[in-house]
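J.: I have a structure here, written as structure tokens, and I will follow up with some questions on it.
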Amino acid sequence: MSPISMSYLGIPGYVIFWVLFALAVGLFLRRMYQLLRYMLLGQSVGGFGHLVKRVSSTIVRVFGQWCQLQNLTAKNRASLGHVFMAWGFFIFIPFYLIFIIIGGGLGLSETLEHTSFFFYYAWVMDIAAPFIMLGALWAIIRRYVIRPPRLKGEQTFEALVILVTVFIHPLTHLFKEATGIALGYAPVGLGTHLPPISQALSNLFDGASQSSIQAANTAFFWAHWGFVLFVLVFIAYSRYLHMIASMFNVLLQSPPPKGALRPIDLEKAESFGAAKITDFNRKQLLDLYSCVIYGQCQEVCPATASGKALNPKKLIDDLKEHLLTEGPGLLKGGAPAKAMIGEVITQEVIWACTTCRACQEACPVAVEHVEKIIDMRRNLVMEQASIPETAEGALRSIEDRGHPWRGTTLSRTDWAKGLEIKVLADDKDVDILFWVGCTGALEERSTQISRATAKLLKAAGVNFGILGTEESCCGEPARRLGNEYLFQMQAEKNIGLLKNYGVKRIVTACPHGYHTLKNEYPQFGGKFEVIHHTQLIARLIKEGKLKVNNSLSELVTYHDACYLGRYNDIYQPPRRLVKAIPGIKMVEMERNKENSFCCGGGGGHMWLEEHEGRRIN
Ligand code: SF4
Ligand code: SF4
């Protein structure tokens, strides 16, 4: 007899089941409602769009566990445990839903249990159960025995409770099934081909009396469902909330293009950036609920690695604690007890970020760290006029001279002397504009890149020109340093100029300029075809318009710039160029492509002093 159809002290099993179920679901929904209300305190996100992309990304990242699988290497099998547990649960959860929806608690499940569908499903669950147990066991060993630096401070009682529960839960399932088989409740379908593990375990009950097997079956049934309902409540009230929130977080992740910062409507905005937790938008708050706290982000962060105050995992965790602590008061209309900037997140943390995006690329659940940091910078700079001195000097230089390089003695066109390059003011009949950028024009060493690029374009017969003295900073440093007003001023000025000359295509050597012109200028009506010089030169070589005649016997490596690689997925063209030179031996850096280590200059850090820890570069 199914344990649910029995009576316990005169109370029908299904009554007990539904009371427990209602209690657990009630507690779960109460917490979800509370968290939803906190989240709705945030600002509206606006449109989402890209539904197909979002859904496919959710399937790949959440259900496929793609990020965890990508992290798997011969040396690092840490994420294997998570993959086993996640996949296992994705197999078990539909069963519970079917059980509940079809009326398991009313005894209707017995009908279900005798269908072929259930028979095959039982097989799949039977195989999945030991994998979940292995995953949980591996996670317990890593966290409590091996203790890698990433999990420092994560040996909490809460973590132990959930991991032990995750370990025991499939065990109770296997024994529930095993005792069921021993009692002769084998599902129909493939006759004697019963789920192998449960069947093997059922042999343990050979020789036991029917009544004791029935008692064991009853105990395992209730224990199993007890764990299911306990986990439902526990995850809602613990740090394991990510098991629910992360799915929605991936689905609602910021739309492409990657890494394009949200513009502020300067005319309508009443305040700038984020000073309070409720200044973040709802997706940014959902991020906080979704963090898996395994710290992939902190492992790849150059700021953390070089001893700065910033740790992206801690940033998210601290903001989450702040939201949960302040939430009840905020719902009643009160002011937060603690200042988010200063008391929860220090200015050192906010200024330590190079916006390299390594954290976001590594995050399995689409937590977006960079935009939160920039939002806090926006508030510091635009509302509180608080900015490190050197960065302030760079911003003032952009305002006064149109570039951030204060000490330069070069003019915008010195680098081009003797190359006879068209300037659009004299002749705008060009196929492509070479956007030189402030660094390429004014930083002495970088001018060599501009000269080399121009020479190659000329050698290939490309009809190009430059803006010369009319070129002004694209505004990227201003935007990353939090001065959105200055960025928008620069963007609008440049877009006006480019449109005036009828520019359609732009080539640039600067990864930051490339990202800004390509992905952020469209926010202000500047839609141009933007290509990186490595893409164009690789194409010219492929088309035979550029020939590499000399060989070079050198050992060469290539460093992936964050704004070219992680931001724009340009990994191969630069490598193709290096490899096109005969005699060159190319080796990869230990950290390369998506995992490339930041040079330390992004996010306005070219103009910020590094006082803490070691230098990133
Ligand atoms: S963007 Fe880079 S520097 Fe900033 S928190 Fe992420 S990994 Fe660290
Ligand atoms: S933010 Fe992402 S990568 Fe960092 S700990 Fe949370 S889930 Fe992991």
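Each residue of the sequence shown is one higher than the last, beginning at 2 in our numbering. Each residue gets a CB set at the ideal place from its N, CA and C atoms; glycine is no exception.
1) Say whether the segment 253-268 touches the segment 485-505, bearing in mind that this needs 3 or more beta-carbon pairs closer than 8 Å, one atom from each stretch.
2) Given a cut-off of 8 Å, decide if Ser239 and Ile163 are closer than it, judged by their beta-carbon atoms.
3) Take Phe228 and list the residues in its own chain whose beta-carbon comes closer than 7 Å to its own, dropping the five residues that flank it on each side.
4) Just to confirm, does Arg358 get its C-beta within under 7 Å of one of the non-hydrogen atoms of ligand 1?
5) Need the endpoints of the alpha helix (DSSP H) that Gly14 sits in, please.
6) Run through DSSP, which three-state label would Tyr145 get?
7) In chain order, what are the residue ranges of uninterrupted alpha helix (DSSP H) at least 4 long that sit wholly in the segment 474-500?
8) Please go through the same chain and pick out, in chain order, the residues whose beta-carbon is closer than 7 Å to the beta-carbon of Ala392, but skip the five residues on each side of it.
9) When you compare each of Asn569, Val557, Lys546, Val549 to His516 by their alpha carbons, which one comes out closest?
10) What does a CB cutoff of less than 7 Å around Arg615 pick up in its chain, not counting 5 residues either side in sequence?
11) Rounded to the nearest angstrom, what separates Ser199 and Met341 at their Cα positions?
12) Pairing CB atoms from the segment 346-355 with CB atoms from the segment 567-582, are three or more of them under 8 Å?
13) Between which two residues does the beta strand (DSSP E) containing Arg576 stretch?
14) Between Thr448 and the rest of its own chain, which residues show a CB-CB distance below 6 Å, the 5 nearest in sequence each way excluded?
15) Does the distance between the C-beta of Val301 and the nearest non-hydrogen atom of ligand 1 fall short of 7 Å?
16) Using a Cβ-Cβ cutoff of less than 6 Å, which residues in the same chain neighbour Glu521 once the five nearest sequence positions on both sides are dropped?
17) May I ask which residues mark the beginning and end of the beta strand (DSSP E) holding Arg506?
18) For Tyr145, tell me which candidate among Leu161, Met377, Asn250 has the shortest Cα-Cα distance.
19) Pick out whichever of Gly545, Lys548, Cys563, Leu498 has its Cα sitting closest to the Cα of Pro512.
20) Spatial neighbours of Thr454 within its chain, please: CB distance less than 6 Å, with the 5 preceding and 5 following residues excluded, ordered by chain position.
21) Between the C-alpha atoms of Gly43 and Val557, what's the straight-line distance to the nearest angstrom?
22) With distance defined between alpha-carbon atoms, name the residue in Gly335, Thr347, Glu327 nearest to Lys315.
23) Cβ of Pro583 within 8 Å of Cβ of Ser552?
24) Below 8 Å, how does it come out for the segment 127-134 and the segment 85-95: are there three or more Cβ pairs, yes or no?
25) What is the DSSP secondary structure of Phe465, reduced to helix, strand or coil?
T.: Let me spell this out:
1) The segment 253-268 vs the segment 485-505: in contact.
2) yes
3) Thr166, Ile169, His170, Thr173
4) yes
5) Residues 14-41.
6) Reduced to three states, the DSSP call for Tyr145 is helix.
7) 477-481
8) Leu482, Gly605, Trp608, Leu609
9) Asn569
10) Ser307, Gly308
11) 53 Å
12) no
13) First-last for Arg576: 573-580, but that is the alpha helix (DSSP H), not the beta strand (DSSP E).
14) Trp416
15) yes
16) Ala261
17) Looking at the DSSP string, the run of the beta strand (DSSP E) that includes Arg506 is 506-509.
18) Of the listed residues, the one whose Cα sits closest to Tyr145 is Leu161.
19) Pro512 has its Cα closest to that of Cys563, out of Gly545, Lys548, Cys563, Leu498.
20) Excluding the 5 residues flanking it on each side, Thr454 has same chain C-beta neighbours closer than 6 Å at Ala510, His534, in chain order.
21) 49 Å
22) Thr347
23) yes
24) In short, these stretches touch, since the Cβ pair count reaches three.
25) strand
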